[in-house]
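Numbering (this note's numbering), first residue to last: 112 to 624. Even for Gly, the Cβ is constructed at its ideal location relative to N, Cα and C.
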């Protein structure tokens with residue numbers, strides 16, 4: 112397998128919400144690091160234990176320790192500043208208190224993007240690697256494990272990385288938060304309204320149906336979340352992200368259904384968690400560019416079935432005014448449904464530029480879509496509003512496309528999203544779109560995974576926002592159409608500004624998990 116395809120698969124894994132960890136441990140954990148110093152055109156070995164502190168390196172016996180002594184500690188000042196920086200990963204915990212799979216993917220990609228790890232064997236269970244990252248979390252001296260602490264816990268024989276590359280990548284990631292930090296410094300964060308208590312909401316029912324569609328060889332699996340009584344006849348679609356599944360978004364559906372909405376969550380078979388498992392086994396390649404169009408067709412096919420009365424058990428629902436919600440790749444699909452047409456121009460220009468200061472992890476996915484752009488120029492005029500949570504979008508859609516969307520847009524991004532960072536992916540393009548009635552919400556402490564509801568009740572931290580937006584969209588009537596000077600949908604009280612900063616959501620996320 113070429114190094115390019117290996118890195119492509121590894122980078123795509125980070126964009127997944129439920130990916131299977133990739134590696135297991137040999138008999139021992141990593142004990143040695145080989146550091147390549149480009150200016151000296153040399154490499155130096157060092158024991159991981161010597162990287163714990165300047166004094167440990169000064170007292171060590173490795174090549175790098177000798178160099179540090181010869182330079183009177185100058186090496187440790189530079190090197191340890193990088194290696195002891197906390198890794199930008201989410202500390203999402205599962206119900207049993209262990210580290211969740213998004214952390215596994217982020218941690219592994221961070222290390223792999225900085226260099227290579229020698230001495231591993233494939234393992235699709237991920238149990239050993241999960242335990243290694245749990246150890247790194249437990250042994251961390253700060254809130255998050257440092258690069259040294261993670262290296263020490265990783266399985267393998269030796270880590271090899273380029274010091275210049277480490278500084279470049281981490282520096283770029285930090286720089287991409289400049290606008291987000293400025294955003295919060297200039298505005299007073301608002302507090303989300305409280306979602307209705309589950310005990311006081313009407314009962315909802317959830318079921319799964321199969322739908323034969325012309326663009327897929329097999330029927331689509333569709334999760335339906337419906338009110339048991341008091342249906343309002345309004346229809347909402349929810350699209351999951353790469354290698355994810357409807358299950359992780361059913362809580363959004365339940366909250367909306369408790370207010371009378373009929374919600375459908377189709378599984379995208381070419382890029383869901385089942386496809387991921389096959390890819391990790393080498394049975395299938397990464398998702399094909401045609402999925403950019405097929406995902407769109409998945410959603411429209413469900414709307415078609417509702418309109419024709421062919422979706423099992425769904426009646427009395429208006430399919431001519433649809434709201435679409437999506438996360439990650441599903442958010443990109445939601446933007447397509449809202450009338451944004453993918454463009455190849457920016458992809459061709461910027462994808463080859465490896466030193467582009469705005470380059471981020473989501474570009475791996477966006478650049479993989481290039482060959483599918485021409486087939487993805489699709490529209491569904493029945494979509495009247497769309498919510499895009501953490502959407503990869505900067506390369507795919509031009510600013511004029513955002514301004515000319517046929518449906519009203521709400522884009523949500525997290526300040527701690529290192530996969531689809533808010534600065535290049537959301538803030539810059541949306542600032543050009545807000546004069547047309549669109550809105551951007553920036554959630555402090557939100558990352559690429561913790562804004563998903565998962566198993567949290569009432570839609571998690573974004574549930575109340577999504578409910579408020581959907582209800583405002585349906586209440587707007589003819590005023591919903593985006594136009595120059597259109598007021599924002601959430602235009603009363605603290606919601607009046609088109610750029611909305613939310614208070615630190617990480618506290619709420621941790622208390623709910």
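In whole angstroms, what is the alpha-carbon distance linking residue i and residue j?
i	j	result
residue 282	residue 470	12 Å
residue 488	residue 319	30 Å
residue 501	residue 529	10 Å
residue 504	residue 536	6 Å
residue 596	residue 544	11 Å
residue 431	residue 590	16 Å
residue 510	residue 540	6 Å
residue 412	residue 434	15 Å
residue 574	residue 364	9 Å
residue 180	residue 561	44 Å
residue 538	residue 191	33 Å
residue 291	residue 534	6 Å
residue 167	residue 174	13 Å
residue 359	residue 157	42 Å
residue 493	residue 414	9 Å
residue 486	residue 294	37 Å
residue 613	residue 526	10 Å
residue 377	residue 570	18 Å
residue 421	residue 384	27 Å
residue 355	residue 438	10 Å
residue 580	residue 165	52 Å
residue 523	residue 172	50 Å
For residue i, which residues of its own chain have a beta-carbon under 6 Å away from its beta-carbon, when the five flanking residues on both sides are left out?
i	result
residue 398	381 and 382
residue 316	337 and 339
residue 395	389
residue 550	521, 599 and 609
residue 324	331 and 412
residue 372	345 and 347
residue 202	Because the pLDDT of residue 202 is 38, which lies under 50, any placement of that residue in the model is unreliable, and the number read from its coordinates should be weighed accordingly. Around residue 202: no qualifying Cβ.
Can you tell which of the options has its C-alpha closest to the C-alpha of residue i?
i	options	result
residue 441	251, 379, 299 and 326	379
residue 329	544, 409 and 173	409
residue 284	577, 484, 466 and 299	466
residue 566	403, 578, 366 and 361	361
residue 457	342, 512 and 265	512
residue 593	578, 515, 572 and 293	515
residue 548	587, 569, 578 and 532	587
residue 374	403, 421, 425 and 176	425
residue 163	439, 287, 258 and 280	258
residue 417	335, 583, 582 and 527	335
residue 519	531, 532, 508 and 497	497
residue 261	297, 298 and 144	144
residue 400	532, 352, 451 and 484	484
residue 582	532, 449, 495 and 296	495
residue 322	508, 251, 542 and 419	419
residue 630	370, 524 and 349	No statement about residue 630 is possible, as the shown extent of the chain runs from 112 to 624 and does not include it.
According to DSSP, is residue i helix, strand or coil?
i	result
residue 428	coil
residue 90	With the chain covering 112 to 624 only, the question about residue 90 has no answer from this structure.
residue 161	helix
residue 255	coil
residue 491	coil
residue 298	coil
residue 287	coil
residue 497	strand
residue 554	strand
residue 348	strand
residue 262	helix
residue 508	coil
residue 320	strand
residue 465	coil
residue 526	coil
Any idea if residue i is buried or exposed, counting beta-carbon neighbours within 10 angstroms, 16 or more meaning buried?
i	result
residue 557	buried
residue 326	exposed
residue 249	exposed
residue 161	buried
residue 256	buried
residue 611	buried
residue 482	exposed
residue 491	buried
residue 406	buried
residue 289	exposed
residue 423	exposed
Please return the same chain residues whose Cβ sits closer than 8 Å to the Cβ of residue i, not counting the five positions on each side in sequence.
i	result
residue 506	457, 458, 461, 462, 474, 477 and 478
Is the beta carbon of residue i within less than 7 Å of some heavy atom of the ligand SAH?
i	result
residue 419	Here there are no bound small molecules, and the ligand SAH is not part of this structure.
Under 7 Å Cβ to Cβ from residue i, same chain only, skipping five residues before and after it: list those, please.
i	result
residue 142	158 and 159
residue 585	345
residue 368	315, 336, 337, 338 and 374
Between residue i and chain C, is there a C-beta pair that is closer than 8 Å?
i	result
residue 490	Considering every chain present, this structure includes no chain C. It has just one protein chain.
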